[in-house]
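Q: Before anything else, here's the structure in question.
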Amino acid sequence: PPAFSVASAFSHFLTSHTMDLTHIGKHCHLEDCRKLDFLPFRCGHCKHNFCVEHRLPEKHECQHYTPPRAPVVAVCQDCKRSIVQKGNETLPELFKRHFESGECKKFKVEKPHRCTFIKPSGKQCKRREFDEIICKFCNQNYCIKHRHAEHHKCPGLERKKRDLEKRSDQRVKREKERKSNPQACATEARKERPKRASNLAHSRLVKMFDKR
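Numbers 31 to 242, taken from the working numbering, label the letters of the sequence shown in order.
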C-alpha cells in the first residue's frame, strides 16, 4: 500500500475544497451576466439576487420598480398643479414654460392690447402686446411691427405732410412778393428805421445830460 503522509492528505483536502466553491454565493439573475458573487445583493422589488454591477433597479431594468417622483419646485395658483424644474430653470422661466406648454388649462397668457392695423385683405392684425404702442398722429394702438406711421399708412402723417407743403408754399409766395415789390420792402424798412433812430437819439441825450 502507498505510504500515508500528513502533507499529502492536507494537500488533497485543500484541492478538493477550494476548487469547488459553487455552494458559496449566488449567480447574478441577469441572463447576460450570470456572474458568481460571494456577497450577492437582493433586490427589494423583484426579490432576485444580483452582482455588484447590476444591484441597482435601473441597472437590471427591474419591472417591479417605480422611480421616485421629481421634486416639486412650485405650485400654480390658477390650476393648482405642481411644476417640476427642468435643469437650472429660474421661477419666471418655469412658470413661462408651464403657461406656454398648455399645461395650465385654467389660465392662458393673452396680451391685452391688440393691433388696430387693417391689412390689404381687409382683416385686422392679430398681434397683441403687453403695453400700449399709440401713434402720436392718429392716436391708435399698434403692434411692434406696425408701430411706425409709415408702416400702418397713418392718415395723420398725410395731414402733417399737407400742412408742411402749405407752409412751404406760403414761404415761397412771400419770397416772390418781396422780389416782385421792392418798394413794399423799402417802406417796411423805413417804418422800422425811425424807431431805431429815435431810440439812439434819446440814448445820446441821456448820456450828454449825465456827463454835465
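All residues carry an ideal CB built from backbone N, CA and C; glycine is no exception.
Only a predicted model underlies this, so the values are computations on that prediction, with no experimental measurement involved.
#1: Pro97 to Phe160, Cα distance in whole Å?
#2: Check for me: the alpha helix (DSSP H) holding Val82 runs from which residue to which?
#3: Using the C-alpha atoms, what's the distance from Ser131 back to Leu194?
#4: Please state if the CB of Cys92 and the CB of Cys81 are separated by a distance shorter than 7 Å.
#5: Are Ile113 and Leu121 touching if we call contact CB-CB under 7 Å?
#6: For Val105, which residues from the same chain have a beta carbon less than 8 Å from its beta carbon, with the 5 sequence-adjacent residues on both sides left out?
#7: Are the Cβ atoms of Thr146 and Gln170 separated by less than 7 Å?
#8: I think Cys184 touches Cys168, with their Cβ atoms under 8 Å apart; what is that distance to the nearest whole Å?
#9: Which class does Ser112 belong to by DSSP, given the choice of helix, strand or coil?
#10: Tell me whether Gln154 sits in a helix, a strand or coil according to DSSP, three-state version.
#11: Can you give the Cα-Cα distance for Pro87 and Lys65, rounded to whole angstroms?
#12: Bridge partners of Ala104, per DSSP?
#13: Quick check on the DSSP output: the alpha helix (DSSP H) that includes Asp193 runs from which residue to which?
#14: Once DSSP output is grouped into helix, strand and coil, what is the label at Phe68?
#15: Can you check whether the CB of His84 is closer than 7 Å to the CB of Leu60?
#16: Can you tell me whether Lys175 is helix, strand or coil according to DSSP?
#17: Return yes when the Cβ of Arg158 is within less than 7 Å of the Cβ of Lys175, no when it is not.
#18: Expressed to the nearest angstrom, what Euclidean distance is found between the alpha-carbon atoms of Glu180 and Glu188?
#19: So, helix, strand or coil for Leu56, using DSSP?
#20: Go through its chain and collect everything with a Cβ distance to Glu133's Cβ below 7 Å, but skip five positions before and after it.
A: Checking against the coordinates, here is how it stands:
#1: 42 Å
#2: From DSSP, Val82 is part of no alpha helix (DSSP H); its letter is neither H nor E.
#3: For Leu194 and Ser131, the gap between their C-alpha atoms comes out near 51 Å.
#4: No; because the gap between Cβ atoms is not below 7 Å, this pair is not in contact.
#5: no
#6: Correct list, in chain order: Arg111, Ser112, Ile113.
#7: yes
#8: 5 Å
#9: strand
#10: strand
#11: Going from the Cα of Pro87 to the Cα of Lys65 covers about 17 Å.
#12: Ile113
#13: Its alpha helix (DSSP H) spans residues 185-210.
#14: coil
#15: Cβ atoms of Leu60 and His84: closer than 7 Å.
#16: Secondary structure of Lys175 (DSSP, three-state): coil.
#17: no
#18: 10 Å
#19: Looking at the sequence itself, residue 56 is Lys, so the reference to Leu does not match. Strand.
#20: Arg111
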